[in-house]
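Chemist: First the structure, then my questions, so here it is.
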């Protein structure tokens, strides 16, 4: 049943749009920043009368509150530079009503909207622009980090969670609320917020058994471009489809997700084994054989067994040489005995012994995968500052066939370079292959065996000197060298690993045809459907960024205006 939506007063809207003291949208676009700020404050005050002091919500660049609030969740220090174009206004709503008012006021003032929850967008598009506005529309950031409510219904196996909740907070609440009987399949970084993670899909170590995080969304509430609050029934199935993997920042601001929780055993098991590779001899050949065998079986293992590979450089203690370190890391939804039996049957070459395996409960396994392997308490997941802020660049590929020996040798060569980074290869298969690619916007399903993640990071301290171009050159170079071995037509990518190297929108000239160059890499054939949804729900592109979905307007279908939904246009 559709939940009632709080009605914004039509009288307040009329006062906003038509009173002599309130400029019209076309006039507001020409205002100076100070006038914009004052007018926006009046707008919020009228549309959200329960907000006692709108100045605590609306922050302009000259306000003392603006710099620390903007910087608070900039996770990638590449975009913390004074040269980075910043929003004309930063809005920090604390309630759903304030989110509605914020979006409605942005539209009335001719501002485009970028929504931010945790600030983990790899290209920073939730809070920055690539270039200053020059005749185009200015933008505001609506930061929903304060929306942090989470409610667990263990009997129904669902959780209702707001966008500012971190994955760590969600995992902790699920474990506490279910007595350890339930879990949620999502990523391993506990500081990532659910707002962006679910919007783009959300993969993690249980995806082979339970699918993506977005595959387990059963309801949502979204504030659309007109400031209306829509649940699943009110928004319709097309918009509900689009927000579960179509990427954040295109269709509205999701202010509540209802997700299906999954049963987890009381005991799960994990291992991490390291293999240092000496190049040019039998040691290297043995590793190449092991990696070849792992590629043949990891995507086809039983669904409750996840075994990934990571490559990173390590200085050999014996001779000081930088060598490839190959790390195998696994999660099994069962005990160590069961895990070792499966590996003995499918990958005996790895040689896993009982002493390599550790048993724990599910919540501890989330700590383990993030790197907390010494029995730290689950409360560590509640620390929103766990992830250090660094300079970094990330790219991603998909494999539809195993990387041959020549490609693996390229990876071993590149991983030891001085300005290099690390490479993770995660198996898909299982539930990921069984789900039709049209079920959600995430289209990399059957036939996509692995994703390959290329990371490079540097700095993290203002006193550390670095050469950004050398590090960027490494990650782009290894991505280029892998071209013969990865998916083609298109070369697939993942929207939660956003990559502006693939292409970008140009403000004022954003067309579906132009955007296909990058959009079909993220979404394959689902990109057109996403663009059609965009054309229906936000044809004026109130929600716009350099990689937001462009509108494709087709024969218009009437959409009912339900539940006290209002428009300011």
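Residue numbers (full-length UniProt numbering): 1 to 569. Built from N, CA and C at the ideal position, the CB exists for glycine as well.
1) Could you name the residues of the same chain whose beta carbon sits closer than 7 Å to that of residue 625, not counting the 5 residues immediately before and after it, in chain order?
2) If we ignore side chains and look at the alpha-carbon of each, how far apart do residue 202 and residue 420 end up?
3) Excluding the 5 residues preceding and the 5 following residue 490 in the sequence, name in chain order all residues of the same chain whose CB lies nearer than 8 Å to its CB.
4) Taking just the CA atoms, how far does residue 391 sit from residue 465?
5) When the Cα atoms are used, what is the spatial distance from residue 499 to residue 393?
6) With a CB to CB cut of under 7 Å and the five nearest residues on each side skipped, what residues in its chain are close to residue 276?
7) Note down the Cα distance separating residue 358 from residue 342, rounded to an integer number of angstroms.
8) Rounded to whole angstroms, what's the CA-CA distance from residue 145 to residue 538? Just pull it up for me.
9) Can you tell me whether residue 121 is buried or exposed, with buried defined as 16 or more other CB within 10 angstroms of its CB?
10) Leaving out five residues before and five after residue 180 in sequence, what residues of the same chain have Cβ atoms less than 6 Å from its Cβ?
11) CB residue 305 to CB residue 339, shorter than 8 Å?
12) Output the boundary residues of the alpha helix (DSSP H) element that contains residue 345.
13) Run through the stretch 267-342 for me and flag every whole beta strand (DSSP E) of 3 or more residues, listed as ranges in chain order.
14) Distance check for residue 68 and residue 88, CA to CA, integer angstroms please.
15) Among the candidates 396, 183, 36, whose CA atom is the shortest distance from the CA of residue 365?
16) So within the stretch 95-169, which uninterrupted alpha helix (DSSP H) runs reach at least 4 residues, ignoring any that extend past its ends?
17) Using a Cβ-Cβ cut-off of 6 Å (strictly less than) and excluding sequence neighbours within five positions of residue 102, which residues of its own chain qualify?
18) Just tell me which of 78, 172, 450, 411 has its CA closest to the CA of residue 428.
19) Restricting to Cα atoms, I'd like to know which of 286, 280, 267 is closest to residue 335.
20) Between the beta-carbon of residue 543 and the beta-carbon of residue 113, is there less than 8 Å?
21) Does DSSP put residue 431 in a helix, in a strand, or in coil?
22) Would you mind working out which of 507, 79, 456 sits nearest residue 395, comparing C-alpha positions?
23) Mind checking which residues open and close the alpha helix (DSSP H) that includes residue 71?
24) Which of helix, strand or coil does DSSP assign to residue 543?
Modeler: On the basis of the supplied data:
1) Because the chain is modelled from 1 through 569, residue 625 falls outside the range shown and cannot be assessed.
2) As a first step, residue 202 is located in the chain shown; it is residue number 202 there, counting from the start. As a first step, residue 420 is located in the chain shown; it is residue number 420 there, counting from the start. In a straight line, the C-alpha of residue 202 is about 26 Å away from that of residue 420.
3) Along the chain shown, one-based indexing puts residue 490 at 490. Hits under 8 Å: 520, 521, 524.
4) Residue numbering aside, residue 465 sits at position 465 when the chain shown is read from its first letter. Residue numbering aside, residue 391 sits at position 391 when the chain shown is read from its first letter. For residue 465, the predicted model reports a pLDDT of 45, less than 50, meaning its position is unreliable and no value from the coordinates is stated.
5) To locate residue 499, count along the chain shown from 1; it is residue 499. To locate residue 393, count along the chain shown from 1; it is residue 393. Going from the Cα of residue 499 to the Cα of residue 393 covers about 9 Å.
6) Position 276 of the chain shown, counting from 1, holds the residue named residue 276. Cβ neighbours of residue 276 beyond the five flanking positions: 314, 316, 323, 325.
7) The residue labelled residue 358 in the question sits at position 358 within the chain shown. The residue labelled residue 342 in the question sits at position 342 within the chain shown. So the alpha carbons of these two residues sit roughly 15 Å apart.
8) Counting from one through the chain shown, the residue named residue 145 turns up at place 145. Counting from one through the chain shown, the residue named residue 538 turns up at place 538. Rounded to the nearest angstrom, the two C-alpha atoms are 23 Å apart.
9) Translated into positions along the chain shown, residue 121 becomes position 121. Burial call: buried.
10) Mapped onto the chain shown, residue 180 falls at position 180. The beta carbon of residue 180 lies closer than 6 Å to those of 361 in the same chain, with the five residues before and after it left out.
11) Taking the chain shown and counting its residues from 1, one reaches residue 305 at position 305. Taking the chain shown and counting its residues from 1, one reaches residue 339 at position 339. Residue 305 is a Cβ neighbour of residue 339, given a cutoff of 8 Å.
12) The residue given as residue 345 occupies position 345 in the chain shown. 336-346 is the span of the alpha helix (DSSP H), which, as asked, contains residue 345.
13) 268-276, 305-315, 322-332
14) Residue numbering aside, residue 88 sits at position 88 when the chain shown is read from its first letter. Residue numbering aside, residue 68 sits at position 68 when the chain shown is read from its first letter. Those two C-alpha atoms are separated by around 15 Å.
15) By one-based count along the chain shown, residue 365 stands at place 365. For residue 365, the closest alpha carbon among the candidates 396, 183, 36 is that of 183.
16) If only complete runs of 4 or more residues are kept, the stretch 95-169 shows the alpha helix (DSSP H) at 96-108, in order along the chain.
17) What you label residue 102 is simply residue 102 of the chain shown in a count that begins at 1. Once the five neighbours on either side are set aside, the close Cβ partners of residue 102 are 91, 93, 142.
18) Along the chain shown, one-based indexing puts residue 428 at 428. Measuring C-alpha to C-alpha distances from residue 428 to each of 78, 172, 450, 411 identifies 450 as the nearest.
19) Numbered from its first residue, the chain shown carries residue 335 at position 335. That would be 267, whose Cα lies nearest to the Cα of residue 335.
20) Here residue 543 refers to the residue found at position 543 when the chain shown is read from its first residue. Here residue 113 refers to the residue found at position 113 when the chain shown is read from its first residue. Cβ atoms of residue 543 and residue 113: closer than 8 Å.
21) Stepping through the chain shown from its first residue, residue 431 is reached at position 431. It is helical.
22) Mapped onto the chain shown, residue 395 falls at position 395. It is 456 whose Cα lies nearest to the Cα of residue 395.
23) Position 71 of the chain shown, counting from 1, holds the residue named residue 71. Segment 66-71, the alpha helix (DSSP H) holding residue 71.
24) Against the chain shown, residue 543 aligns to sequence position 543. Looking at residue 543 - three-state DSSP - the assignment turns out to be strand.
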